[in-house]
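Residues are numbered in our numbering as their position in the sequence shown, beginning at 1, plus a constant of 802.
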Amino acid sequence: MKVAIVILNYNGKAHLEHYLPSVIEHSAPHEIIVADNASTDDSVDFLKKNYPQIPLIINGANGGFAKGYNDALAKVKADYYVLLNSDVEVTSNWVDAIVERMESNPKVVAAQPKILSYTEKNKFEHAGAAGGFIDKNYYPFCRGRIFSSAEEDHGQYDSELQIFWATGACMFIRAKAFHDAGGFDADFFAHMEEIDLCWRLQNMGHEIWCYPSSTVYHLGGGTLNYMSPFKTFLNFRNNLYMIHKNHDGFVLGIILKRLVLDGIAGAKFFFGGQFKHTWAVLKAHFAYYGQIGKLNKKRKAIAGQKSEISTIRPINIVVSFFLRGKKTYSDLE
C-alpha cells in the first residue's frame, strides 16, 4: 500500500516555508510530492535548494486546482492520494489514522480529517470543518461551519460520519477511484470541484467519510482570499455547473429556483455595499448559460451512473440559517 501526499503549489513559497516542515515531520514513511502550477515566484528554486529529497512535478501552465491536480496525479503512482493545501499544518498520525479506517471499509473511497483554523485553533475552519454536506437546493455547508459562521470545537463532532463531500484542502482518495471517476472537472478551475467529484463517486455507489481522529489546521484563503469577488464568481458558477451535471431530475426546475435564491444573495451583496460581489453573481449565471450545451453532454455521459444518495440533507439551509436562526449543525439535527 503506497500513500502519496501531493501538495499543489502556486506562488506559495511563504506557505511552503512555514507549513512544509510539519508535513515532513509527521508524514513518514509516506511520500511527499510537490506539484507546481507554473508559479511565477521562486517556489521551485526554494524547494530544490532546501528540500532536494522531495520530488517535484512541474505543470506547464496554471490550470487551477482542478486541472493542476489532474495533470500532476497522472504522473503519481500510489494506492492512495492525499491532496493537501500548502497552507495546512498537520499533526501526529494524521495520515495513518485515516488510511487505516479506509482500509477497513472498501466502500469508502474518499475521506477527510477534522479541519480546524490555523489562526483560531479552537474553531473549525471554513473549508471542510468536520465534513461537508449539501441541502436540497445544493447549497454546501459543513458540520461545524454554515455559510461564514464557524463553531468552536468542543469535541461535539468527533464521531466518524458518512458525509456528502470531503474538502479539497485535505482529501484522502483511492487513486483508482479518482481516475475511474475521471478526476476533477477541469472546467471548474477552482472551488467546488471536490464536491462535484464526491457527487460523482457517490453516484458510482461509493461512500465519503470524515474521520475526526485525524486533525489538521488550515490557514484558508492561501491562494485566493475569501473576500475575493473572483472566489464569489467561481463558487456561484461552479455550483450551477455541478447541479446541471449531477441533479437527478428536471434540471430546469432547480436552476430556476437557484436563479431566485442567487438573486437574493446578489441583492444582499448590493445592499451591503459589496457591488463587485453582486456583479460576480451575475457573471456566474451568464457564464453558466454559455456552457449549457457542454454541460448537457457531461450530464448525459454520467446519466447511467446515478444512485440514491442519503447524504443530501432534506433541508433548506438558507431558510434554516437566516430566517430560523439555526446557526450550528447541531441545531439543524
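Glycine included, each C-beta is placed from N, C-alpha and C at the ideal position.
Less than 8 Å between the CB atoms is what I'm expecting for residue i and residue j, so what's the real figure, rounded?
i, j, result
"Asp937", "Ile1057", "Contact doesn't hold; Cβ gap of about 16 Å is too wide."
"Glu954", "Asn907", "The pair is not a contact, with the Cβ atoms about 30 Å apart (cut-off 8 Å)."
"Asn872", "Gly970", "Incorrect: roughly 12 Å between the Cβ atoms, too far for contact."
"Asn1048", "Asp998", "7 Å"
"Phe935", "Thr1113", "6 Å"
"Trp1011", "Ile1066", "33 Å between Cβ atoms; not a contact."
"His993", "Leu1054", "Actually they do not touch by this definition, with Cβ atoms about 24 Å apart."
"Gly933", "Gln958", "At roughly 13 Å, the Cβ-Cβ gap does not stay under 8 Å, so Gly933 and Gln958 are not in contact."
"Ala899", "Ser1030", "With 8 Å as the limit, Ala899 and Ser1030 do not qualify as a contact, their Cβ atoms being about 33 Å apart."
Under DSSP, the alpha helix (DSSP H) around residue i begins and ends at which residues?
i, result
"Gly984", "No alpha helix (DSSP H) holds Gly984; DSSP gives it neither H nor E."
"Asn811", "Looking at the DSSP string, Asn811 is not in any alpha helix (DSSP H); the run it does join, the beta strand (DSSP E), is 805–811."
"Val890", "Note, Val890: premise wrong, no alpha helix (DSSP H); beta strand (DSSP E) at 890–892."
"Glu825", "Sequence check: residue 825 is Val here, not Glu. Looking at the DSSP string, the run of the alpha helix (DSSP H) that includes Val825 is 815–828."
"Glu905", "898–905"
"Ala992", "Segment: none, Ala992 is in no alpha helix (DSSP H) and carries neither H nor E."
"Lys1096", "1094–1103"
"Leu875", "866–875"
Inspect the beta-carbon positions of residue i and residue j and report whether they are closer than 9 Å.
i, j, result
"Ala880", "Ala977", "yes"
"Ser886", "Val892", "Residue identity check: residue 886 is Leu in the sequence provided, not Ser. Against a cut-off of 9 Å, the Cβ pair of Val892 and Leu886 comes out as a contact."
"Val1062", "Trp896", "no"
"Ala979", "Leu963", "no"
"Ala912", "Val808", "no"
"Val1083", "Phe1073", "no"
"Ser845", "Gly866", "no"
"His1020", "Asp847", "no"
"Met1143", "Glu922", "The requested residue 1143 is not part of the displayed model; the chain covers only 803 to 1135."
Please indicate yes or no: does the CB of residue i lie closer than 8 Å to some heavy atom of the ligand MN?
i, result
"Glu922", "Inclusion of the ligand MN in the displayed structure is not the case, the ligand content being empty and no account of it being possible."
Considering just the uninterrupted stretch of the beta strand (DSSP E) at residue i, what are its terminal residues?
i, result
"Val846", "That residue, Val846, is in no beta strand (DSSP E); its alpha helix (DSSP H) goes 845–852."
"Val884", "882–886"
"Ala1086", "Careful: Ala1086 lies outside any beta strand (DSSP E), inside the alpha helix (DSSP H) at 1077–1091."
"Ser1132", "Not the beta strand (DSSP E): Ser1132 falls in the alpha helix (DSSP H), residues 1131–1134."
"Gln855", "Unbroken run through Gln855: none, as it is neither H nor E."
"Ile913", "It should be noted that the sequence gives Ala, not Ile, for residue 913. Per DSSP, Ala913 belongs to the beta strand (DSSP E) from 910–919."
At a Cβ threshold of 9 Å, is residue i touching chain B?
i, result
"Phe1073", "In the structure shown, chain B cannot be found, because there is only a single protein chain."
Inside the region 921–984 only - beta strand (DSSP E) runs reaching at least 3 residues: Taking 3 residues as the shortest admissible run, the region 921–984 contains the following complete beta strand (DSSP E) segments, listed from N- to C-terminal end: 934–936, 942–944, 963–965, 972–976.
Entirely enclosed alpha helix (DSSP H) segments - the region 1000–1062, minimum 4 residues: For the region 1000–1062, the full-length alpha helix (DSSP H) segments reaching 4 residues or more read 1031–1048 along the chain.
The region 857–871 / the region 832–843 touching (three or more Cβ pairs under 8 Å): By the Cβ criterion, the region 857–871 is in contact with the region 832–843, since at least three pairs of Cβ atoms, one from each stretch, lie closer than 8 Å.
Stretch pair the region 915–923 + the region 1029–1049: three plus CB contacts closer than 8 Å: no
Stretch pair the region 1122–1129 + the region 942–953: three plus CB contacts closer than 8 Å: yes
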